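Enquirer: After the structure tokens below, expect a handful of questions from me.
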Amino acid sequence: MNLQRIWTRGAIYLVLAAFALYYAMPIYVLIITGLKPFKDVSMMRMWELPKGIYFDSFTTAWGLVSPNFRTSVMITIPAALISSMIGSINGYVFAKWRFKGADTLFILFLVGMFLPYQGILIPLVLTLQKLGLYGTLAGLIMTHVIFGIPITALLFRGYYSGIPNELMDAGKIDGCGFFGLYRYILLPISMPAFAVVLLWQFTTIWNDYLIGLVVLSNPVRAPVMVAVKNTAGSFSVDWNVQMAAALIAAAPTVIVYLALGKLFMRGLLAGALKG
Amino acid sequence: MANRTVSVSGERGLAASPAPITRKRWRRWLRGDMVLAVLVLLPSIIAVGIFIYGFIGWTFYISVSDWKTSTPDFTFVGLKNWTRLVNDFRFQMDLRNHLYYAIGFISQCIVIGFTLAVLLDQKIKGEALFRTMFIFPFAVSGIVTGVTWQWLMQPATGINLLFAKIGMGWFRPTWHANIEYGIWAVSIAAAWQFSGYVMALYLAGLRGIPAELREAAAIDGAGTWATYRYIIIPLLMPVTFTVFVLTGMNSIRIFDVVAALGGPGPGNSIDSLALNMFQTTFGAYRFSLGAAIGSVMMFLAIFLVVPYLMSMSRETER
């Protein structure tokens, strides 16, 4: 019996370790290839560790994608901040001010969250052109903020629903109105929700390819994911430089995930609705 | 335990006691604030109304117009673009690809995600580390996933090199470059990125199953298999449903992984509706045809989402 138990436990750990390797494998290749000098890069020795550490490919890759990396920073941070603030106030209304039709409206918001952007893109371009925002950072930020309305409202609504109504009633008795309740009761305890939503929006917007490609198509100004795709699609860029560029583009979200894993998890589970 | 119950009911009792304002004033005050609440929400309602619902209608309208150059043309042509689309080889390949992709992607996500969640739920040492390693690809973008796997799936190197090393040199699939089965390879890359997230959903579901249920099953003499077969898997059905909708949605939308893997590929073998829509619209300037493809994606998504949201709202009502 005991021996059988040891075998089972051993097998479980073995399977888990195998899957850990499966998930780590692409990142391993990204890192070691990025660290190899140009002369050592050989397709036939893809899996071998570099003989030393060289940052040549990272320097070259950074030269290629750094303007786009900066664009991504300039889009992602304001867009994530603005959409979290809007989400917070919307979530407050949906959770605590259930006016007639609020629930139906909420469902309509959710449906909007799931729909593929391809059904929206052409009118989006036409509208942004009319507004003079096509091809601008502001236009891309606005688009991300609007498409973020449903998910942020959902996440904040979930958080605020968990806050007892008794607390709100106490605030009302103290003379707080609509904004007072939000400002003095909910906002001070909203930090965990803000962290989760900011993280979620940061990851989504940073990793976005489609909207960036459509709204900011100019290769020099495009977000970093568009630049990485262009680099990878061009035959003139070395293989290890492509890998280094991909790693640079992936770094911000992966680092944030490793640093704030718990918050990330909470967002993942709360955002289970979103694809 | 008993203490807590008492204190909770005590709080409730307090809240139920009438507030020191007259009913009428209270109601008037409440109504004013209700108006404020709607006003605050109004910009978002307008934005979602126009940018999502309005645009969907507009896209559909474009799909029945005659816009096929870089200048907009909204002349009504009925279903001309739709007939053209249905008879288009690339579109037919797309439908086939989406079906294969969905089968491959959904089953990989569910099998890998569920298995890993069950294994991680066995009081594993270093669970946090495993969990971190399983989920982190979800923080990696579809583009980076595609770019990386493009190299891992090169016939002459990458994974095939590993096969050769373990004495399986005869096994040299061409992966995503394969005209017939390339789309399955795409689903492998995509599942690498998404299955850890599915694992997290299942793990949360497993942790939500009360220990008493498993104990009761054990007392009734159910073995491990029977417990999973008759208790755990049925209890996890809501999670499976969610996973099915999420992965199904991904299967409709798939774009960046395909683009980074070099789609549409030989003979459109790894093409997707999203990529087709993008290239038709912004590459070939056939806006009306592109709008028709976008509308098809929209219809597919609605079929998947509406039942899901209906079941969800039924749950919240309960």
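Each protein sequence line maps, in turn, to chains A and B.
Taking the numbering used here as reference, the numbering of the first sequence is continuous, increasing by one, and the terminal residue is 351.
Taking the numbering used here as reference, the numbering of the second sequence is continuous, increasing by one, and the terminal residue is 319.
Think of the CB as a built atom: it goes at the ideal place given N, C-alpha and C, for glycine as much as any other residue.
Predicted, not measured: the structure shown is a model, and the values here were computed from it.
1. Is there a Cβ from chain B that is less than 8 Å from the Cβ of A:THR329?
2. Taking A:GLY238 as the query, report the chain C residues whose CB atoms sit under 8 Å from its CB, ordered along the chain.
3. Alpha carbon to alpha carbon, what distance is there between A:THR136 and B:THR70?
4. Just the Cα atoms here: how many angstroms apart are A:GLY177 and A:PHE95?
5. Given this structure, state the Cα-to-Cα distance separating B:LYS126 from B:THR225, to the nearest angstrom.
6. For the region 78-151 of chain A, which segments carrying the alpha helix (DSSP H) assignment without a break, of at least 4 residues, lie completely within its bounds, in sequence order?
7. By how many angstroms is the C-alpha of B:ALA293 removed from the C-alpha of B:THR133?
8. Tell me the residue span of the alpha helix (DSSP H) that contains B:ALA201.
9. Residues of chain B with CB closer than 8 Å to the CB of A:PRO24, please, in chain order.
10. Thinking B:PHE343 and A:LEU92 are a contact (beta carbons under 8 Å), I'd like their distance in whole angstroms, please.
11. Would you call B:TRP171 buried or exposed, if buried means 16 or more other Cβ atoms sit within 10 Å of its Cβ?
12. Pull up the CB-CB distance for B:LEU290 and B:LEU86, whole angstroms please, since I reckon it's below 8 Å.
13. In whole angstroms, what separates the C-alpha of A:PRO295 from that of A:ILE151?
14. Does B:SER314 get closer than 8 Å to chain A when you measure Cβ to Cβ?
15. Looking only at its chain, what residues have a beta carbon closer than 6 Å to the beta carbon of A:VAL221, apart from the 5 residues adjacent to it on each side?
16. Count the other C-beta atoms from every protein chain shown that fall within 10 angstroms of the C-beta of A:LEU207, then say buried if there are 16 or more, exposed otherwise.
17. Just curious, the alpha helix (DSSP H) that A:MET218 is in, first and last residue?
18. Quick check on A:LYS112 - is its C-beta less than 8 Å from some C-beta in chain B?
19. Using a Cβ cut-off of 9 Å, which residues of the region 212-227 of chain B contact any Cβ in chain A, in chain order?
20. Determine the direct distance from the alpha carbon of B:SER252 to that of B:TYR101, and round the result to whole angstroms.
21. Using a Cβ-Cβ cut-off of 8 Å, state whether B:PRO138 counts as contacting chain A.
22. Are B:THR76 and B:ASP67 close, meaning C-beta to C-beta below 8 Å?
23. Straight-line CA distance for A:ASN166 to B:ARG254?
24. If we cut at 8 Å on Cβ distances, does A:ILE287 have a partner in chain B?
25. For B:ALA118, decide whether its Cβ has a neighbour in chain A, counting only Cβ atoms nearer than 8 Å.
26. Where does B:GLY14 land, buried or exposed, given buried means 16+ other C-beta within 10 angstroms?
27. Is the Cβ-Cβ distance between B:ASP257 and A:LEU200 less than 8 Å?
28. Report the neighbours of A:LEU191 on chain B: residues whose CB is nearer than 8 Å to its CB, in chain order.
29. Along the chain, where does the alpha helix (DSSP H) that runs through B:SER64 open and close?
30. Would you say B:THR149 reaches chain A, if we count a Cβ-Cβ gap shorter than 8 Å as a contact?
31. Which value, in whole angstroms, describes the spacing of the CA atoms of A:ARG51 and A:MET189?
32. Under 8 Å between C-beta atoms, does A:TYR104 make it to chain B?
33. Taking 6 Å as the limit between beta carbons, can you name the residues of its chain near B:ILE53, skipping five residues before and five after?
34. Please tell me whether A:GLY337 has its Cβ less than 8 Å away from any Cβ of chain B.
35. Over what stretch of residues does the alpha helix (DSSP H) that includes B:TYR102 continue unbroken?
36. Between which two residues does the alpha helix (DSSP H) containing B:LEU214 stretch?
Expert: For this structure:
1. yes
2. Note that chain C does not occur in the displayed structure, where the protein chains are A and B.
3. 39 Å
4. Note on geometry: alpha-carbon atoms of A:GLY177 and A:PHE95 lie some 47 Å from one another.
5. 21 Å
6. 78-111
7. 41 Å
8. Taken as a continuous stretch (DSSP letters only), the alpha helix (DSSP H) holding B:ALA201 covers 183-208.
9. With chain A running from 77 to 351 in the structure shown, residue 24 of chain A is simply not present.
10. Nothing can be reported for residue 343 of chain B, as the shown portion of chain B is limited to 2 through 319.
11. exposed
12. 6 Å
13. 15 Å
14. yes
15. Cβ neighbours of A:VAL221 beyond the five flanking positions: ALA155, ILE158, SER159.
16. exposed
17. 213-237
18. no
19. none
20. 10 Å
21. yes
22. yes
23. 27 Å
24. no
25. no
26. Model confidence at B:GLY14 stands at a pLDDT of 36, short of 50, so the residue's coordinates are unreliable; what they give is reported in the following sentence. Classification for B:GLY14: exposed.
27. No, the pair does not count as a contact, with Cβ atoms beyond the cut-off.
28. ILE53, ILE57, MET299, ALA302, ILE303, VAL306
29. 56-64
30. yes
31. Chain A is shown only over 77 to 351; residue 51 of chain A falls outside these bounds and no answer can be derived.
32. no
33. none
34. A:GLY337 has a beta carbon lying within less than 8 Å of a beta carbon in chain B.
35. 90-121
36. 212-220 is the extent of the alpha helix (DSSP H) around B:LEU214.
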